[in-house]
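S.K.:
Number of protein chains: 2
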Amino acid sequence: MVREEDILQKLESHQLRKTAFRKEVLELFMASEGEALSNQELESQLDNPDRITLYRTLKAFEDKGLIHLAADSGGISRYALCLADCTTHAHHDQHAHFQCRTCGKTICLEGEVVIRAQAPAGYKVERENLTLEGLCDECI
Amino acid sequence: MVREEDILQKLESHQLRKTAFRKEVLELFMASEGEALSNQELESQLDNPDRITLYRTLKAFEDKGLIHLAADSGGISRYALCLADCTTHAHHDQHAHFQCRTCGKTICLEGEVVIRAQAPAGYKVERENLTLEGLCDECI
DNA sequence: TTCCAAATGCAACGCCGTTGCAATAATTTT
DNA sequence: AAAATTATTGCAACGGCGTTGCATTTGGAA
Chain A
1 MVREEDILQK LESHQLRKTA FRKEVLELFM ASEGEALSNQ ELESQLDNPD
51 RITLYRTLKA FEDKGLIHLA ADSGGISRYA LCLADCTTHA HHDQHAHFQC
101 RTCGKTICLE GEVVIRAQAP AGYKVERENL TLEGLCDECI
Chain B
1001 MVREEDILQK LESHQLRKTA FRKEVLELFM ASEGEALSNQ ELESQLDNPD
1051 RITLYRTLKA FEDKGLIHLA ADSGGISRYA LCLADCTTHA HHDQHAHFQC
1101 RTCGKTICLE GEVVIRAQAP AGYKVERENL TLEGLCDECI
């Protein structure tokens, strides 16, 4: 269970207005335990879901460093809560994601990620994106 | 320049019919030097491009192991030629991709890729997907 | 309470990708 | 080489994801 107080505090600290809608959305993220949620999944759990408002809410959350985008192989967007040290326009959590090829469930992976891959000379690498694909524990 | 003979041979060896359209599409891939091309980019270079036919052509190429999908951060599909040892339903080339955040140019990266990341116990990892993002030599 | 800026809800749009179906073209068979 | 078979093409229509513009409502500050 997520405490109302914690939700409000999180919105406040990220300079986001405490509207009913945003509280609902943030609660879903905080209750999802590191799972990345799609617009569709969020809509199905919301009270009075307006697609467009949800899109804009997620974009606002992302801009303020509250959530981050996790690549989905199907081309849709999935977001997950950032760790504590992400702030506005400064996402610091460089971690891998896992996506189940059957149910689409996507989670953030904890722990160390070591990547060795080289871009050609003259290229500038700014971010590394690692996604593991396979079967989750429920689809195996 | 790509030789007609090589195009036909490649289609033949992958059990694909040698139609005018497919020859055109394959030629674009063979001339692109490891760059991953989107439907849009292909359409703009084709003679008489039918969107739907192009989608199906790419799917056929992929099924037969001629091309592979490279993740695009914007959620669209980009394909690139496979290396020689890919065959029907058996893609062997596990390599990273680089995508420019400005122009979208996407290339296959050669060389070794070492990944250390752990999925939770009970999960089965089947594929690892590594994409580097940044600026290409022309956008820097 | 008043005011302003931000967030919401609605309508409309554009792009990516897919499906069904009839017409056409490439192989295979005789 | 013609007929039969099978795959491919082109077209129409559709659905989903995501965006933009605009009027209305709401949250927060003065």
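Here the protein sequences come in this chain order: A and B. For the first sequence, our numbering gives the first residue as 1, with consecutive numbering after it. For the second sequence, our numbering gives the first residue as 1001, with consecutive numbering after it. Positions of the beta carbon are idealized from the N, C-alpha and C atoms, including for glycine.
#1: Beta-carbon of A/E5 versus every beta-carbon of chain B: anything under 8 Å?
#2: Say whether chain A places a C-beta atom closer than 8 Å to the C-beta of B/Y1123.
#3: At a CB distance below 7 Å, what residues from the region 126 to 138 of chain A approach chain B? Give them in sequence order.
#4: Please state whether the Cβ-Cβ distance between B/D1072 and B/Q1094 is less than 8 Å.
#5: What's the gap between the Cα of B/C1103 and the Cα of B/C1139?
#6: So, helix, strand or coil for B/E1012, using DSSP?
#7: According to DSSP, simplified to helix, strand and coil, what is B/I1052?
#8: Contact between the region 118 to 138 of chain A and the region 1014 to 1027 of chain B: three or more CB pairs below 8 Å?
#9: Identify whether B/E1109 lies in helix, strand or coil by the three-state DSSP scheme.
#10: Which same chain residues end up closer than 8 Å to A/I76 when comparing Cβ atoms and leaving out the 5 residues on each side of it in sequence?
#11: Determine the contact status of A/R78 and A/A31, defining contact as a CB-CB distance below 8 Å.
#12: Give the residues from the region 109 to 120 of chain A that approach chain B closer than 9 Å (Cβ to any Cβ), ordered along the chain.
#13: Please list, in chain order, all residues of the same chain as A/K105 whose beta carbon is under 6 Å from its beta carbon, the five residues on each side excluded.
#14: 8 Å is my cut-off, CB to CB: does A/G75 come that close to chain B?
#15: Grouping DSSP H, G and I as helix and E and B as strand, with all else coil, what is A/G124?
#16: Is there a Cβ from chain B that is less than 8 Å from the Cβ of A/A71?
#17: Where do the N-terminal and C-terminal ends of the alpha helix (DSSP H) with B/L1081 fall, by residue?
#18: Taking Cβ positions only, does A/F98 come closer than 8 Å to chain B?
M.R.: Working from what's here:
#1: Counting from one through the first sequence, the residue named residue 5 of chain A turns up at place 5. At a cut-off of 8 Å between beta-carbon atoms, A/E5 makes no contact with chain B.
#2: For the purposes of this step, residue 1123 of chain B is taken as residue 123 along the second sequence, with counting starting at 1. For B/Y1123, a Cβ of chain A is located within less than 8 Å of the residue's own Cβ.
#3: Against chain B - using a Cβ distance shorter than 7 Å - the residues of the region 126 to 138 of chain A are E126, R127, E128, N129, L130, T131, L132, E133, G134, L135, C136 and D137.
#4: As a first step, residue 1072 of chain B is located in the second sequence; it is residue number 72 there, counting from the start. As a first step, residue 1094 of chain B is located in the second sequence; it is residue number 94 there, counting from the start. Taking C-beta atoms as the reference points, B/D1072 and B/Q1094 fail to come closer than 8 Å.
#5: In the second sequence, counting from the first residue as 1, residue 1103 of chain B sits at position 103. In the second sequence, counting from the first residue as 1, residue 1139 of chain B sits at position 139. When rounded, the distance between both Cα atoms is 7 Å.
#6: The residue given as residue 1012 of chain B occupies position 12 in the second sequence. Residue state for B/E1012 is assigned as helix, using DSSP reduced to three classes.
#7: By one-based count along the second sequence, residue 1052 of chain B stands at place 52. When DSSP states are grouped into helix, strand and coil, B/I1052 belongs to the helix group.
#8: Contact fails: fewer than three Cβ-Cβ distances are below 8 Å.
#9: Taking the second sequence and counting its residues from 1, one reaches residue 1109 of chain B at position 109. One detail in the question is off: residue 1109 of chain B reads as Leu in this sequence, not Glu. Three-state result, B/L1109: coil.
#10: Taking the first residue of the first sequence as 1, we reach residue 76 of chain A at position 76. The answer, listed in chain order, is S38, N39 and Q40.
#11: As a working mapping, residue 78 of chain A is identified with position 78 in the first sequence. As a working mapping, residue 31 of chain A is identified with position 31 in the first sequence. No; because the gap between Cβ atoms is not below 8 Å, this pair is not in contact.
#12: For the region 109 to 120 of chain A, which is checked against every Cβ of chain B, the residues closer than 9 Å are L109, E110, G111, E112, V113, V114, I115, R116, A117, Q118, A119 and P120.
#13: Position 105 of the first sequence, counting from 1, holds the residue named residue 105 of chain A. Here the set comprises C136.
#14: In the first sequence, residue 75 of chain A corresponds to position 75, counting from 1. Judged by the 8 Å Cβ criterion, A/G75 is in contact with chain B.
#15: Indexing the first sequence from 1 puts residue 124 of chain A at position 124. Note on identity: in this sequence residue 124 of chain A is Lys, with Gly being the wrong assignment. Here A/K124 sits in strand by DSSP.
#16: Looking up residue 71 of chain A in the first sequence gives position 71. For A/A71, the answer is yes, since a Cβ of chain B falls inside 8 Å of its Cβ.
#17: Sequence index remark: in the second sequence, residue 1081 of chain B carries index 81 (1-based). Looking at the DSSP string, B/L1081 is not in any alpha helix (DSSP H); the run it does join, the beta strand (DSSP E), is S1077 to L1081.
#18: As a first step, residue 98 of chain A is located in the first sequence; it is residue number 98 there, counting from the start. Using a Cβ-Cβ cut-off of 8 Å, A/F98 counts as an interface residue toward chain B, since at least one Cβ of chain B sits closer than that to its own.
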